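> Quick one: structure below, then a few questions.
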Amino acid sequence: MAIDAIRTMQAKDVIAAKMASAYITVDGERYLLFQAKNLKATLEKEKKEVAILGKMSKGHKAVAVNGTGSMTIYKNTAIFDKMLLKLKSTGEDTYFDMQITNNDPTSEAGRQTTILKDCNIDSGIVANFDADGEWLEQDIDFTFEDIEQPEQFAVLDGMRN
Numbered sequence: 006m007a008i009d010a011i012r013t014m015q016a017k018d019v020i021a022a023k024m025a026s027a028y029i030t031v032d033g034e035r036y037l038l039f040q041a042k043n044l045k046a047t048l049e050k051e052k053k054e055v056a057i058l059g060k061m062s063k064g065h066k067a068v069a070v071n072g073t074g075s076m077t078i079y080k081n082t083a084i085f086d087k088m089l090l091k092l093k094s095t096g097e098d099t100y101f102d103m104q105i106t107n108n109d110p111t112s113e114a115g116r117q118t119t120i121l122k123d124c125n126i127d128s129g130i131v132a133n134f135d136a137d138g139e140w141l142e143q144d145i146d147f148t149f150e151d152i153e154q155p156e157q158f159a160v161l162d163g164m165r166n
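The opening position of the sequence shown corresponds to residue 6 in our numbering, with each subsequent residue numbered one higher.
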């Protein structure tokens, strides 16, 4: 039996991971975050168990969501250092928005833009070196309070039944 070609994803429709852009908006200033090497943002559901009369198994109900993320950047910007130094000096923490767009022009899926609202970094490297290394890099963990997706990937041919 032959595979139905319309029901098989085309290789061209895989999104190339490098075909992305990231911007951050801090205190009204927008910056292209071309230092970013990788990024992952996760929206995790918090669930509570629900006992159900007449059933041995328990149900689960979502009661909250929590946004966390991590990224690695090439350490050639002081944007994140300034956030930490401002907190240390004044007690004022910095929240910022981050916009990530995935856009592989070869894919029929099109582009997807995600905006992470009210991001807040957990910590940061304020000085480093590595005599045996190649590049200065920094891993940054963060939280975010809200998310928007003004653009989403298209439904590919063959996905609908």
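A virtual CB, placed ideally from N, CA and C, is assigned to each residue, including glycine.
Note that the structure is a prediction, hence the values are computed from the model and not measured.
Only counting the same chain, and skipping five residues up and downstream in sequence, which positions put a Cβ closer than 6 Å to that of alanine 25?
If the five residues before and after alanine 25 are omitted, its C-beta is found closer than 6 Å to the C-beta atoms of Asn107, all from its own chain and listed in chain order.
> For methionine 6, which residues from the same chain have a beta carbon less than 6 Å from its beta carbon, with the 5 sequence-adjacent residues on both sides left out?
Its pLDDT being 49, under 50, methionine 6 is placed unreliably by the model, and nothing is read from it.
> Apply the 10 Å Cβ neighbour rule to phenylalanine 134 and answer buried if 16 or more other Cβ atoms are within range, or exposed otherwise.
Residue environment analysis places phenylalanine 134 among the exposed positions, since fewer than 16 neighbouring C-beta atoms fall within 10 angstroms of its C-beta.
> Could you spell out the range, first to last residue, of the beta strand (DSSP E) harbouring threonine 118?
Start and end: 116 to 126.
> To the nearest angstrom, how far is it from the Cα of glutamine 3 to the Cα of valine 55?
With the chain running from 6 to 166 in the structure shown, residue 3 is simply not present.
> Does DSSP put threonine 95 in a helix, in a strand, or in coil?
helix
> Taking the alpha carbon of tyrosine 79 as the reference point, which residue from Lys52, Gly59, Ala132 and Lys91 has its own alpha carbon closest?
Ala132
> Going straight from the alpha carbon of leucine 37 to that of threonine 30, what length do you get?
9 Å
> Would you give the residue range spanned by the beta strand (DSSP E) that glutamate 153 belongs to?
151 to 156
> Using CA atoms only, rank isn't needed, just tell me which of Asp86, Val70 and Thr82 is closest to lysine 50.
Val70
> Return yes when the C-beta of glycine 64 is under 7 Å from any heavy atom of the ligand SAM, and no when it is not.
You won't find the ligand SAM in this model; it holds no ligand whatsoever.
> Taking aspartate 146 and aspartate 123 to be in contact with their CB atoms under 8 Å, please state how far apart those CB atoms are, rounded to whole angstroms.
By a beta-carbon distance limit of 8 Å, aspartate 146 does not contact aspartate 123. Their separation comes to about 15 Å.
> Within this structure, are the beta carbons of aspartate 88 and alanine 27 separated by less than 8 Å?
Just to set this straight, residue 88 is methionine in the shown sequence, not aspartate. No, Cβ-Cβ distance for methionine 88 and alanine 27 is not below 8 Å.
> Note down, in chain order, each residue of its chain lying with its Cβ closer than 8 Å to the Cβ of lysine 63, except the 5 sequence neighbours on either side.
Glu54, Val55, Ala56 and Ile57
> Could you check which residue in Val68, Thr13, Ala22 and Thr77 has the C-alpha nearest to that of arginine 116?
Among Val68, Thr13, Ala22 and Thr77, the Cα nearest to that of arginine 116 is on Ala22.
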